[in-house]
Each structure stands twice: as structure tokens, then as C-alpha cells.
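Just below is one structure, and these are the notes that go with it.
Protein chains in written order, with my numbering: chain A, 4 to 280; chain B, 458 to 734.
Here it is, written out as C-alpha cells:
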């Protein structure tokens, strides 16, 4: 067995625990001291066993500040310069993950029983497409209306500013003030309607990971594997598949992209107002 | 199944606790003999719990000591270890995971294909109905990796040989048990089905299935409550698929968080899968 952190930590805890059990039995000390030593030995014994699963946690537990154990203080990932993969690190190993979109345009409602069985077996074949691990996910996410909502909010703010200015300016003609007030109402109604119901979409995708000593190497391996999987899926399902990149890629991994901030904030605001009424 | 490493960890650490137990007498520990026996027994229970139910032991430890974990910049796992929280743009995003182990494969192997087609044909309909009734973002993930066909065939054939030997021994015994014979015959049928499937060109794969959902709110408590509601709803909706669904906590939660960004290698994945067998 190589002497890695796990083995060293186990040996240390185990040996100290064993010594603390044997010493009180052999050396003439008071009952209370024996009891305390045995108690410490048993705690260390439990710690020794815990190293089997929790060495990574224990190493960080020793450096804990306050009551928070920091396993990793870096960003969980960075986007590759090419934009079609994400890069993460574990010690000196660099991992890159690439994603393949699997667009499915058919619904079970329009299939015969034979077609449904055939469709399911095709998905079974996709699952065994790669020798390296592949993650196949089906994700229901909130459609991003952030840009649209931000645009409407900007227009509403501009209209409100114009309305306030016209209220203060006594020379503004009455019909002009009415028109500005109508504009404010229009934008407000539009904003309220945009998020009255949450729009969602379903997306299926496959994810593969490549590892290497450098970012370039890991990204190249991941993208190559992803392209192989993409062509395999295309051949099996008869659809055209693409590697996911940019913001769409973030929708698959970041919760604040899966549920866009402005879209959900507006929904929360409306819900709060409805509950308050 | 207990592997060699597990056996070594269990044997050595439980041995220390046993050493305490066999030496626990009034001449050594005086009035502390009963507490020593109790603590030694508790140590054995703790070791077994860490080994077989660390999803209970680890959250218990972090809850008692009030320890939160930071798995990556911007994310925090609260002390009860059931969710990962990201706080961004004034909103809390809490993500939780549920196991989704599918037992259908074993059932179909037992039934020798009975009703298999109907089950598969209706699965797509049930999936679409489930999606339509879910009103919040979620992901259904399947991580799979193809196994070495020859190695898998050898393993299954040797398992069948062992089962056949056990069956012959049971049948030739002086007092054969019908229940044991039936159980062994059932296991032989399953392994035989697997061998036949391999002969039909089916590739063996390891799979890990889980469901992930994210809740969003303006306070941490509200978001965690929402997440628990979403998880309960998913458990109800996904019940139609004969899935074994339980909420993931502790070490496995941290592992799945890492799998958002990079998948383990085939070898690591196989060892993870071995634990589930």
C-alpha cells in the first residue's frame, strides 16, 4: 500500500489509540486518568476508521477557521477560452468537461407502442456509447427572460422619469401628460404580464470529462470525446447534435443560469404582491 | 460485499475497542468500569455506522458541532448536509439530490421478459406526464460507463458457477431448505439472463441515477423549505417509475456537487458502483 495521506493519517490515529489503550493497562495510574486516556483512545480509534472515507475532510478540518471547513476556496470551474468546455482542478490534475446537446423533437403521444419500445432501446444504446463515464441528463429549466425584463424595466423607468418631469413642468400640455401616463401604464402592465406564469423548457444533454496535466490537453481530450459521442448520438437517433457553448453551457451547471435572476426576482415580486393583496 | 480494505479497517479499529472491553474490570478502572464498557460499545457502533450508514453519521457529526462546509467559492453546505446553497444577486439557490435507483432491470431479469415491452412502451408516456406535472426546475441524471465485456462475462460466469455449487450442496444436504433452494435458483436465473443478454450483443454498463432540483428564495430558511417541498413532490411524481428515491446527504452530496463539473474516471466510477452492489 503506498503511503499517501490516507494511510499516514490512519496509522497515526490507530497507533496512538493502541498506545493509549495499552499504557493505562500496564502503568499504575489513577482510575480517573485511566478512564480519560481510554476515552481519548476510543475517539482516536473512531477517527482512524473515518480516514477510510474522510481523509480529504479531516485534512481541511485541522485548518478550520470558525465553524466552516473550506474544501476548496477557488471557483468550482472556469470557462475554457474556446467557450465549449469548463475546466476544474483537483490538485495537480486538470479536468475539462464538454457538453453535447441532444435535441428530441418527438413526443410519446405521437408514437405507436413499437416506436416507443424502439425509442427506449435507442436511449439504452446511447447509455453504452462510451467506455469512459458519460452523464446523460434531462433538465427542466426556466426560460431566460432577463434581457426582455431588463429592457421593459428600463423603458418603464424612463417613462416614469418623463412622467415625473411632466408633472413638475407646468407648461407641459395636458394631452402630452396623459400620453406619458398611458405609456407608464402600458410598460407596467407588460412587466406584470411577462412573468405571470413561469415559462420552462426541457433540454437533454450528455457530458464527458477529460483529464490532463495542462488545460489545453484536458480540453482537447474532452472535446474529442464529446465529438465522438455527438456523432454516435446523431447516428443512433438520426438527429443533428452540437457541442454546447457560452451562456447555454452555464445553464446546464450554474443554478443562477438555470433559474435566471431577473426573471425569478420579478416572479417573486409579483407573488409577494399577490399574497399581500 | 466487504472488500479487503474495508475488512482491514474494520478489523483493526474494532480490535482496539474489543481490547478495551476484555480488559474492563473493576481492578483496572474502579468505579469507571461501566462508563468504559458503554463507551467501548458506542465506539463499535460508531465505526459500524460510519461504514454502513455514513449518510447518517456524517450529517450527525456536522450538526452536533455546527460545522458548515464550503465545497467551492460561492457555495456552502449547511450543517445538516442536505443541500448546497449559492447566494448571488440577493437570492439563495439551494440544490438537493435524490437517489433514483431503477430496479426494473432486476425485475425483468427475474420475469424472463414478461410484460417488459408494455413497461417500456408506457415508460415514455409516464415520463412525459411526470414532466408536465412538475412546476419547478429539476434534472434527471444517468451516469453510465461501458464495462469490459470479457471481464464482465467471466465475473458473471464464475458467479453462476458458485451459485450452482451452493445449490447442489443445499440439494444434497440431509435437511434441504426449500426457501434457500428457491432463492439460489432465482439468482441463477438472473445470472443466466445476463449471460444470454451478453450473447445477444447487449453491452454491460455501470449506471448511477439521481435526480437534482434547485429552489430559489429570498432567505436561506425559505429556500431550504421550498427545496424540501420540491423534493417531496419529485418523490411522489417519480414513484410511477418503481424508483427507490431517498434524499442524499453528507459525503455523497459533496461527490455529486463535484460531478457537476467533472466526472470520475472509469476506474473510480467502478469502485463507486461496487459499493452499491
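Note that beta-carbon positions come from the ideal geometry of N, C-alpha and C, so glycine has one too.
Keep in mind that this is a model prediction, so the values were computed, not measured.
Residues of chain B with CB closer than 7 Å to the CB of residue i, please, in chain order.
{"i": "residue 28 (chain A)", "result": "480 and 485"}
{"i": "residue 104 (chain A)", "result": "Residues of chain B passing the Cβ test: none, with the nearest at roughly 14 Å."}
{"i": "residue 24 (chain A)", "result": "473, 476 and 477"}
Helix, strand or coil for residue i? Go by DSSP, reduced to three states.
{"i": "residue 753 (chain B)", "result": "No information on residue 753 (chain B) is available, as it lies outside the stretch 458 to 734 that chain B covers here."}
{"i": "residue 693 (chain B)", "result": "helix"}
{"i": "residue 55 (chain A)", "result": "helix"}
{"i": "residue 70 (chain A)", "result": "coil"}
{"i": "residue 24 (chain A)", "result": "helix"}
{"i": "residue 567 (chain B)", "result": "In this predicted model, residue 567 (chain B) has a pLDDT of only 46, less than 50, meaning its place in the structure is not dependable; the value taken from the coordinates is given anyway. DSSP places residue 567 (chain B) in helix when its eight states are reduced to three."}
{"i": "residue 714 (chain B)", "result": "helix"}
{"i": "residue 108 (chain A)", "result": "coil"}
{"i": "residue 663 (chain B)", "result": "strand"}
{"i": "residue 257 (chain A)", "result": "coil"}
{"i": "residue 537 (chain B)", "result": "coil"}
{"i": "residue 30 (chain A)", "result": "coil"}
{"i": "residue 245 (chain A)", "result": "strand"}
{"i": "residue 497 (chain B)", "result": "helix"}
{"i": "residue 94 (chain A)", "result": "coil"}
{"i": "residue 639 (chain B)", "result": "helix"}
{"i": "residue 124 (chain A)", "result": "helix"}
{"i": "residue 203 (chain A)", "result": "strand"}
{"i": "residue 465 (chain B)", "result": "helix"}
Do you know whose CA, among the options, lies nearest residue i's CA?
{"i": "residue 64 (chain A)", "options": "B:591, B:514, B:526 and B:641", "result": "B:526"}
{"i": "residue 140 (chain A)", "options": "B:484, B:697 and B:670", "result": "B:670"}
{"i": "residue 60 (chain A)", "options": "B:502, B:528 and B:493", "result": "B:528"}
{"i": "residue 268 (chain A)", "options": "B:673, B:475, B:628 and B:626", "result": "B:673"}
{"i": "residue 114 (chain A)", "options": "B:598, B:585 and B:481", "result": "B:585"}
{"i": "residue 204 (chain A)", "options": "A:144, A:151, A:180 and A:110", "result": "A:144"}
{"i": "residue 668 (chain B)", "options": "B:540, B:610, B:579 and B:624", "result": "B:540"}
{"i": "residue 179 (chain A)", "options": "A:9, A:166 and A:188", "result": "A:166"}
{"i": "residue 58 (chain A)", "options": "A:69, A:72, A:107 and A:8", "result": "A:8"}
{"i": "residue 154 (chain A)", "options": "A:40, A:266 and A:38", "result": "A:266"}
{"i": "residue 433 (chain B)", "options": "B:614, B:611 and B:638", "result": "Look at the range of chain B in this structure, 458 to 734, and you will see that residue 433 (chain B) is not part of it."}
{"i": "residue 226 (chain A)", "options": "A:74, A:86 and A:33", "result": "A:86"}
{"i": "residue 475 (chain B)", "options": "B:706, B:697, B:523 and B:500", "result": "B:500"}
{"i": "residue 193 (chain A)", "options": "A:33, A:76, A:112 and A:273", "result": "A:273"}
{"i": "residue 186 (chain A)", "options": "A:169, A:174 and A:224", "result": "A:169"}
{"i": "residue 719 (chain B)", "options": "A:244, A:217, A:245 and A:210", "result": "A:210"}
{"i": "residue 534 (chain B)", "options": "A:142, A:218, A:72 and A:238", "result": "A:72"}
{"i": "residue 195 (chain A)", "options": "A:224, A:277, A:177 and A:218", "result": "A:277"}
{"i": "residue 15 (chain A)", "options": "A:54, A:33 and A:37", "result": "A:54"}
{"i": "residue 92 (chain A)", "options": "A:49, A:213, A:51 and A:27", "result": "A:213"}
{"i": "residue 13 (chain A)", "options": "A:39, A:46, A:25 and A:156", "result": "A:46"}
Around the Cβ of residue i, are there at least 16 other Cβ atoms within 10 angstroms (buried) or fewer (exposed)?
{"i": "residue 680 (chain B)", "result": "buried"}
{"i": "residue 650 (chain B)", "result": "buried"}
{"i": "residue 687 (chain B)", "result": "buried"}
{"i": "residue 407 (chain B)", "result": "What the structure shows of chain B is the stretch from 458 to 734, and residue 407 (chain B) is not part of that stretch, so it cannot be assessed."}
{"i": "residue 148 (chain A)", "result": "buried"}
{"i": "residue 262 (chain A)", "result": "buried"}
{"i": "residue 22 (chain A)", "result": "exposed"}
{"i": "residue 512 (chain B)", "result": "buried"}
{"i": "residue 468 (chain B)", "result": "exposed"}
{"i": "residue 11 (chain A)", "result": "exposed"}
Run through chain A and tell me which residues come within less than 9 Å of residue i, C-beta to C-beta.
{"i": "residue 720 (chain B)", "result": "98, 100, 135, 136, 137, 138, 210, 211 and 212"}
{"i": "residue 497 (chain B)", "result": "41 and 45"}
Using a cut-off of 8 Å between C-beta atoms, extract the partners of residue i located in chain B.
{"i": "residue 268 (chain A)", "result": "546, 547 and 548"}
{"i": "residue 293 (chain A)", "result": "As shown, chain A starts at 4 and ends at 280. That puts residue 293 (chain A) outside it, with no answer to give."}
{"i": "residue 110 (chain A)", "result": "585"}
Determine the chain A residues that contact residue i at a beta-carbon separation under 8 Å, and present them in chain order.
{"i": "residue 726 (chain B)", "result": "136"}
{"i": "residue 717 (chain B)", "result": "79 and 256"}
At a cut-off of 7 Å, is residue i close to the ligand ADP when judged by its beta-carbon and the heavy atoms of the ligand?
{"i": "residue 143 (chain A)", "result": "In terms of ligand content, the structure shown is empty, and the ligand ADP therefore cannot be addressed."}
Note down, in chain order, every chain A residue with its Cβ under 7 Å from the Cβ of residue i.
{"i": "residue 553 (chain B)", "result": "Under the 7 Å cutoff, chain A gives no residues; its nearest Cβ is about 11 Å from residue 553 (chain B)."}
{"i": "residue 598 (chain B)", "result": "138 and 140"}
{"i": "residue 493 (chain B)", "result": "38 and 41"}
{"i": "residue 662 (chain B)", "result": "130 and 131"}
{"i": "residue 500 (chain B)", "result": "45, 48 and 49"}
{"i": "residue 591 (chain B)", "result": "143"}
Under 9 Å between beta-carbons, which chain B residues line up against residue i? List them in chain order, please.
{"i": "residue 271 (chain A)", "result": "548, 673, 674 and 675"}
(request) With 9 Å as the limit, tell me which residues of the stretch 635 to 660 of chain B have their beta carbon closer than that to any beta carbon of chain A; keep them in chain order. (result) 659 and 660
(request) For the stretch 463 to 482 of chain B, enumerate the residues whose C-beta is nearer than 7 Å to any C-beta of chain A, in chain order. (result) Listed by position, the residues of the stretch 463 to 482 of chain B near chain A (Cβ gap below 7 Å) are 466, 469, 470, 473, 474, 476, 477 and 480.
(message) To be precise: take each residue of the stretch 205 to 230 of chain A, compare its Cβ to all Cβ atoms of chain B, and keep it if any distance is under 8 Å. Which residues remain?
(response) 205, 210, 211, 212 and 214
(request) Quick one: which residues of the stretch 675 to 694 of chain B get their C-beta closer than 9 Å to a C-beta of chain A? List them in chain order. (result) 675
(message) To be precise: take each residue of the stretch 75 to 88 of chain A, compare its Cβ to all Cβ atoms of chain B, and keep it if any distance is under 9 Å. Which residues remain?
(response) 75, 76, 77, 78, 79 and 80
(request) Could you name the residues of the stretch 575 to 586 of chain B whose beta carbon sits closer than 7 Å to any beta carbon of chain A, in the order they occur along the chain? (result) 577, 578, 580, 581, 582 and 585
(request) Determine which residues of the stretch 168 to 186 of chain A have a Cβ less than 9 Å from any Cβ of chain B, and write them out in chain order. (result) Only those residues of the stretch 168 to 186 of chain A whose C-beta falls short of 9 Å from the nearest C-beta of chain B would be listed, and there are none.
(message) Along the stretch 508 to 530 of chain B, where does the CB come closer than 8 Å to a CB of chain A? Name the residues.
(response) So the list reads 508, 511, 515, 522, 523, 524, 525, 526, 527, 528, 529 and 530, given in the order they occur along the chain.
(message) Tell me which residues of the stretch 251 to 265 of chain A have at least one Cβ-Cβ distance to chain B shorter than 9 Å, keeping chain order.
(response) So the list reads 255, 256, 257, 258, 259, 261, 262, 264 and 265, given in the order they occur along the chain.
(message) Short of 7 Å Cβ to Cβ, which residues in the stretch 593 to 625 of chain B face chain A?
(response) 594, 595, 596, 597, 598, 599, 600, 601, 602 and 603
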